[in-house]
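S.K.:
There are 2 protein chains.
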Amino acid sequence: MIGAGNVGFHLGKRLFKKEHNIVQVFSRKIAKAEYLSTKIKAQAIDDLSDLVIDADFYIIAVHDDAIKEVSDKISQKKGIVVHTSGSINTDRLDKHSEYGSFYPLQTFTIKNKPDWKTIPFCYCGNNSSSEKKIKQLVRSISKNDNKITDEQRLSLHLPAVIVNNFTNHLIGIAKDICFKHSVPFELLVPLLRESLKKAEIHNPYEIQTGPARRDDQKTIKKHLSLLSKEQYRAVYKLLSESILKTEAERNNKS
Amino acid sequence: MIGAGNVGFHLGKRLFKKEHNIVQVFSRKIAKAEYLSTKIKAQAIDDLSDLVIDADFYIIAVHDDAIKEVSDKISQKKGIVVHTSGSINTDRLDKHSEYGSFYPLQTFTIKNKPDWKTIPFCYCGNNSSSEKKIKQLVRSISKNDNKITDEQRLSLHLPAVIVNNFTNHLIGIAKDICFKHSVPFELLVPLLRESLKKAEIHNPYEIQTGPARRDDQKTIKKHLSLLSKEQYRAVYKLLSESILKTEAERNNKS
């Protein structure tokens, strides 16, 4: 397991639980490697030249920017080299004879235990032999296995950023507004949950409500007057415009 | 019950279930009034001059823009006049001697049954007598009663629009991207659910991840190259910038 961050940590534990033998855990910070390695009976290393040469898999779970560098440094291994990134093409691993993608489509934090049963796993391999073996690895820890090309993975990573990073940011803004106006965010939690449940099931454009959709400039102005931060005003304005555009487009079509 | 739209429909049913006597249901469209009135043993009317004068409550659940007009038309009633809006000041109802706010903080659709146990109810009255009676009405259908001023209600309505309308729109964009790139949105559902769960519990700014937070221009460019629609590109760019700004601000402070 190369990398002991959020993804490497949970993936290492999951593989161990499903009776895989994790030989080594690499991290540039040895303490981080050790934190994971002791849990999964592996050797902790902080130097890639200490990697064994005969593992079945080398799982690169490092930051996107470091994938190519790490891959190039660990050449001449016998096993299959995979990375866990959503946006990096697998050809970055092409120094190896067998390589591919091993991508759990979920957000991981060391503190929170992932629910592996619900996590969709995406994979692909550079040839049918590697792909078959990667698929087996996926199936050993997940029942939700999805063969996905590099192109498809990037097409998934973009909306993943939207539903994760962007909605998270918006909730951050909402919490900040509540804090600044001394109203409890807790009052909004049932609304937030219901909104998401509805958006999942229905076409969000069809069920859209609110001031932007009905071009209610009076309410929009009231809201903007509450936002002293220019950054938030810009987000509010642009998203309201975007909702209105979508609505106009839908009306033109029908 | 004045208005038989999403809010009036569910509120009427809830009050009826809790053994309130709903005398009349008004809607400009008589069929709409009838659809609700038959369920709650009330009289359907489509003319405000047919309103009885001695109801305990007149609940105005119409569009924001129509509240003042409706309120002015129904003067000289004995009961308390309330509206269900999040953004309209209660002084719009000041033609009446007793009035106030009766605001369920949730998104309603006729099709979907609301979970009344979890819905926060906000209320206020123009004097202590009306406020006490409105509170009693709230408590008869909800255990989550919150005395909220007009100003506080608007301060809640703004983040409510963000966590409902804006996140709904973003999920709409994500679904549209999946559709255009022929990848199944279903693969993103576990991520969406987990993201929301985390954002609820933690400070979203602290747990933010992704290309925008780490100023990963390579991935941002890749994502933008997948977005042919200028509207979506603008949303992606602005939210990425906003995430980066928040991050920079947080780093400056610490």
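Taken in sequence, the protein lines are chains A and B.
Numbered by my numbering, the letters in the first sequence go through residues -18 to 235 in order.
Numbered by my numbering, the letters in the second sequence go through residues -18 to 235 in order.
Beta carbons: idealized from backbone N, C-alpha and C, even for Gly.
For A/A25, name the three-state secondary structure that DSSP assigns.
M.R.: Residue mapping note: residue 25 of chain A aligns to position 44 of the first sequence, counting from 1. Strand.
S.K.: Since B/C105 meets chain A, which of its residues come closer than 8 Å, beta carbon to beta carbon?
M.R.: Indexing the second sequence from 1 puts residue 105 of chain B at position 124. In chain order: nothing, as chain A lies at least about 13 Å away.
S.K.: Could you check whether the Cβ of B/T71 sits closer than 8 Å to any Cβ belonging to chain A?
M.R.: The residue labelled residue 71 of chain B in the question sits at position 90 within the second sequence. No - not a single Cβ of chain A is within 8 Å of the one on B/T71.
S.K.: Quick one: is B/L29 buried, meaning 16 or more other Cβ sit within 10 Å of its Cβ, or exposed?
M.R.: On the second sequence, position 48 is the one that residue 29 of chain B refers to. Exposed.
S.K.: By Cβ distance, which residues of its chain are closer than 7 Å to B/N107, with the 5 residues on each side in sequence left out?
M.R.: One-based indexing of the second sequence puts residue 107 of chain B at position 126. These residues qualify, in order along the chain: T71, E79, Y80 and G81.
S.K.: In chain order, what residues of the same chain lie with their CB nearer than 7 Å to the CB of B/K(-6), ignoring the 5 residues before and after it?
M.R.: Here residue -6 of chain B corresponds to residue number 13 of the second sequence, with the count starting at 1. Excluding residues within five positions, the ones whose Cβ falls inside 7 Å are K20 and I21.
S.K.: Kindly indicate which residue of A/A215, A/I61 and A/H138 has the alpha-carbon position closest to the one of A/K114.
M.R.: Along the first sequence, read from residue 1 onward, the residue named residue 114 of chain A stands at position 133. Checked all of A/A215, A/I61 and A/H138; the closest Cα to A/K114 is A/I61.
S.K.: Jot down the residue ranges of each uninterrupted beta strand (DSSP E) in the segment 121 to 205 of chain B, minimum 3 residues, whole runs only, in chain order.
M.R.: 126 to 128
S.K.: Output, in chain order, the set of chain B residues within a Cβ distance shorter than 8 Å of A/K156.
M.R.: To locate residue 156 of chain A, count along the first sequence from 1; it is residue 175. Going along chain B in sequence order, the residues near A/K156 (Cβ under 8 Å) are P140, N184 and P185.
S.K.: A/F83 versus chain B: which residues are under 7 Å apart at the beta carbon?
M.R.: Within the first sequence, numbered from 1, the residue matching residue 83 of chain A stands at position 102. Per Cβ cutoff of 7 Å: no residues; A/F83 is ~15 Å from chain B at best.
S.K.: Helix, strand or coil, according to DSSP, for A/S82 in the structure here?
M.R.: Locating residue 82 of chain A in the first sequence gives position 101, where the first residue counts as 1. Here DSSP, grouped into helix, strand and coil, assigns A/S82 to strand.
S.K.: According to DSSP, simplified to helix, strand and coil, what is B/V(-12)?
M.R.: Taking the first residue of the second sequence as position 1, residue -12 of chain B is located at position 7. Of the three classes helix, strand and coil, the one that applies to B/V(-12) here is helix, per DSSP.
S.K.: Find the residues of chain B that neighbour A/K13, judging by a C-beta separation of less than 9 Å, and give them in chain order.
M.R.: Here the question's residue 13 of chain A lines up with position 32 in the first sequence. Simply none; closest approach about 17 Å.
S.K.: Could you tell me which residues DSSP puts in a beta bridge with A/H64?
M.R.: Walking along the first sequence from the start, residue 64 of chain A turns up at place 83. According to DSSP, which records beta bridges pairwise, A/H64 is partnered with A/I41 and A/S82.
S.K.: If you measure from the beta carbon of B/G191 to each beta carbon in chain A, is any gap under 8 Å?
M.R.: For the purposes of this step, residue 191 of chain B is identified with residue 210 of the second sequence, where counting begins at 1. The Cβ of B/G191 sits closer than 8 Å to at least one Cβ of chain A.
S.K.: Helix, strand or coil: which one does DSSP assign to A/F102?
M.R.: Indexing the first sequence from 1 puts residue 102 of chain A at position 121. Strand at A/F102.
S.K.: Residues bridged to A/F7 by DSSP?
M.R.: Counting from 1 along the first sequence, the entry for residue 7 of chain A is found at position 26. According to DSSP, A/F7 bridges with A/I(-17) and A/I26.
S.K.: Reducing DSSP to helix, strand and coil, say where A/A215 ends up.
M.R.: Taking the first sequence and counting its residues from 1, the one referred to as residue 215 of chain A is at position 234. Reduced to three states, the DSSP call for A/A215 is helix.
S.K.: According to DSSP, is A/A36 helix, strand or coil?
M.R.: Residue 36 of chain A sits at position 55 when you count from the first residue of the first sequence. Coil.
S.K.: Between which two residues does the alpha helix (DSSP H) carrying A/K54 extend?
M.R.: By 1-based counting over the first sequence, the position of residue 54 of chain A is 73. I48 to K54 is the extent of the alpha helix (DSSP H) around A/K54.
S.K.: Please classify A/A25 as buried or exposed, where buried requires at least 16 neighbouring CB atoms within 10 angstroms.
M.R.: The residue labelled residue 25 of chain A in the question sits at position 44 within the first sequence. It counts as buried.
S.K.: Determine, using beta carbons only, whether B/V4 and B/A42 come nearer to each other than 8 Å.
M.R.: Translated into positions along the second sequence, residue 4 of chain B becomes position 23. Translated into positions along the second sequence, residue 42 of chain B becomes position 61. Contact: no.
S.K.: Could you tell me whether the Cβ atoms of A/I100 and A/L86 are closer together than 8 Å?
M.R.: Residue 100 of chain A sits at position 119 when you count from the first residue of the first sequence. Residue 86 of chain A sits at position 105 when you count from the first residue of the first sequence. Closer than 8 Å, so yes.
S.K.: In chain order, what residues of the same chain have a beta carbon less than 8 Å from the beta carbon of B/A253, not counting five sequence neighbours either side?
M.R.: This structure cannot speak to residue 253 of chain B, because chain B is shown only from -18 to 235.
S.K.: Find out if the Cβ-Cβ distance for the pair A/Y84, A/R134 is shorter than 8 Å.
M.R.: As a working note, residue 84 of chain A is residue 103 in the first sequence. As a working note, residue 134 of chain A is residue 153 in the first sequence. Result yes, Cβ atoms of A/Y84 and A/R134 sit closer than 8 Å.
S.K.: Check whether the Cβ atoms of B/I40 and B/L(-8) lie closer than 8 Å to each other.
M.R.: What you label residue 40 of chain B is simply residue 59 of the second sequence in a count that begins at 1. What you label residue -8 of chain B is simply residue 11 of the second sequence in a count that begins at 1. Cβ distance < 8 Å, so B/I40 and B/L(-8) count as in contact.
S.K.: Is there a C-beta anywhere in chain B that falls below 8 Å from the one on A/Q212?
M.R.: For this step, residue 212 of chain A is matched to residue 231 along the first sequence. For A/Q212, the answer is yes, since a Cβ of chain B falls inside 8 Å of its Cβ.
S.K.: Measure the beta-carbon distance from B/S18 to A/N149 and round it to whole angstroms, keeping in mind my assumption that it falls under 8 Å.
M.R.: Taking the first residue of the second sequence as 1, we reach residue 18 of chain B at position 37. Taking the first residue of the first sequence as 1, we reach residue 149 of chain A at position 168. So it is not a contact: roughly 44 Å between Cβ atoms.
S.K.: Against A/I188, what residues of chain B qualify as contacts under a CB-to-CB distance less than 8 Å, listed in chain order?
M.R.: Walking along the first sequence from the start, residue 188 of chain A turns up at place 207. By Cβ distance, chain B contributes T90 and N149.
S.K.: Of all the CB atoms in chain B, is at least one closer than 8 Å to the CB of A/H204?
M.R.: Reading the first sequence from its first residue, position 223 is the one you call residue 204 of chain A. True, the Cβ-Cβ gap to chain B drops below 8 Å.
S.K.: How is A/N232 classed by DSSP in three states: helix, strand or coil?
M.R.: Looking up residue 232 of chain A in the first sequence gives position 251. Three-state DSSP puts A/N232 in a helix.
S.K.: Can you confirm whether A/L74, when its beta carbon is compared against all beta carbons of chain B, has any partner nearer than 8 Å?
M.R.: For this step, residue 74 of chain A is matched to residue 93 along the first sequence. It does not: the Cβ of A/L74 has no partner Cβ on chain B nearer than 8 Å.
S.K.: At a Cβ cut of 9 Å, what residues of the segment 35 to 54 of chain B count as close to chain A, listed as they run along the chain?
M.R.: From the segment 35 to 54 of chain B, only H44, D45 and D46 have a Cβ closer than 9 Å to chain A.
S.K.: So, is the C-beta of B/Q5 closer than 8 Å to a C-beta in chain A?
M.R.: The count along the second sequence starts at 1 and reaches residue 5 of chain B at position 24. No - not a single Cβ of chain A is within 8 Å of the one on B/Q5.
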